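Residue numbers (the working numbering): 4 to 335.
And the structure:
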């Protein structure tokens, strides 16, 4: 009970910090991008961290929803919420189709099927006329919310995106702590035992896959509205690898781990050059100025360090160590 209270206080403080972020000097568009990727990572964590299914094709849902949303708003005149809804529905349907095909296999075979199907979608987006090919889908207007609230202002859109991501996070929390979520955890820990207890394991895994795909689609649709474009990067296999990296760095199977991982990776991708310049000025070592050109190397090094030294991720290690010190203090 005390732990639940501490979690609620932590989440409340985090929400208050995000509400106040634009007034504290944070760039709204950058924070919105981080929020979208944090939701994407949380959606993936629902599948891998709590169900034990490793998907190498989650970029398919993230990117395809972005394309559908962008096309619906720019070419069909949809409002923002209708475009996002269209993208989410498309992601859910795609998740159902891929899930029905992939769920027949386990382990590495499941991962390879998701990767193969996602790459098929990538080549479709590369050649389809409505996606813009290599140029991507450009010039997506922000439109308006329910045809009433214009989203041209970064500040207005920021709070809309914050509400969407917060609701998505709350939905994931509700799923994880529900009886359905407990069955998912049981499947991850011991699938044969779950089968022996009478659970239709394949049906539970398929539903978890579709829910994860739907929430990933919500993140992708929202990102398209924020940035105003959609490119092939979001449907490429490297995006699937990126969300896996976010989840592992932050903490697999934890609620806040994917959020922390998304913040670390996106900040490094966008601000590593500024960090390098600051280090060069502070230390006098000019080599730090080249850090901005070595983003993938730095991210790879962080991943190696986390795998070797922080097996449970940043949040997982902090949680484990806090429990250890709490137990030691109680014993003493």
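Cβ coordinates follow ideal geometry from the N, Cα and C atoms, glycine included. As the structure is a prediction and not an experimental result, all values here were calculated from the model.
Taking the alpha-carbon of residue i as reference, which of the options has the nearest alpha-carbon?
i	options	result
residue 57	308, 274, 227 and 106	106
residue 96	62, 258, 214 and 306	214
residue 161	12, 38, 224 and 184	38
residue 199	210, 288, 170 and 186	186
residue 80	143, 124 and 15	143
residue 261	192, 172 and 181	172
residue 124	98, 225, 25 and 194	98
residue 237	176, 102 and 68	68
residue 226	204, 250, 83 and 151	83
residue 244	286, 115 and 204	115
residue 11	259, 64 and 249	259
residue 85	201, 224 and 248	224
Going by beta carbon distance, what residues of the same chain come within less than 6 Å of residue i, once the five residues before and after it are set aside?
i	result
residue 309	252
residue 283	289, 291 and 292
residue 51	57
residue 40	265 and 269
Checking the sheet assignment: what are the DSSP bridge partners for residue i?
i	result
residue 147	153
residue 140	233
Note down, in chain order, each residue of its chain lying with its Cβ closer than 7 Å to the Cβ of residue i, except the 5 sequence neighbours on either side.
i	result
residue 139	232, 233, 234 and 235
residue 328	Any answer about residue 328 is weak, because its pLDDT of 42 lies below 50 and its placement is not dependable; what the coordinates show is given next. So no residue of the chain qualifies.
residue 272	298
residue 157	31 and 32
residue 25	31, 158 and 161
residue 62	121, 237, 238, 239, 240, 242 and 243
residue 117	58, 59, 60, 101 and 105
residue 178	49, 184 and 214
Output the boundary residues of the alpha helix (DSSP H) element that contains residue i.
i	result
residue 130	110-130
residue 240	240-253
residue 26	Counting along the chain, residue 26 falls outside any alpha helix (DSSP H), and DSSP gives it neither H nor E.
residue 190	182-192
residue 35	31-54
residue 296	Careful: residue 296 lies outside any alpha helix (DSSP H) and carries neither H nor E.
residue 205	204-230
residue 264	260-286
residue 67	62-78
residue 87	83-105
Answer yes or no: the CB of residue i versus the heavy atoms of the ligand MN, is any distance below 8 Å?
i	result
residue 30	By its list of ligands, the structure shown contains no ligand whatsoever, and the ligand MN lies outside what it can speak to.
Kindly list the residues whose CB is nearer than 8 Å to the CB of residue i, restricted to its own chain and excluding five residues on each side of it in sequence; keep chain order.
i	result
residue 130	136
residue 323	315
residue 159	152 and 153
residue 255	48, 51, 52, 315, 316 and 319
So residue i packs on residue j, CB below 8 Å; how close in whole Å?
i	j	result
residue 74	residue 133	6 Å
residue 53	residue 188	6 Å
residue 43	residue 222	4 Å
Measure from the C-beta of residue i to each C-beta in chain B and report whether the shortest distance is under 9 Å.
i	result
residue 279	Among the protein chains of the structure shown there is no chain B, as only one such chain exists.
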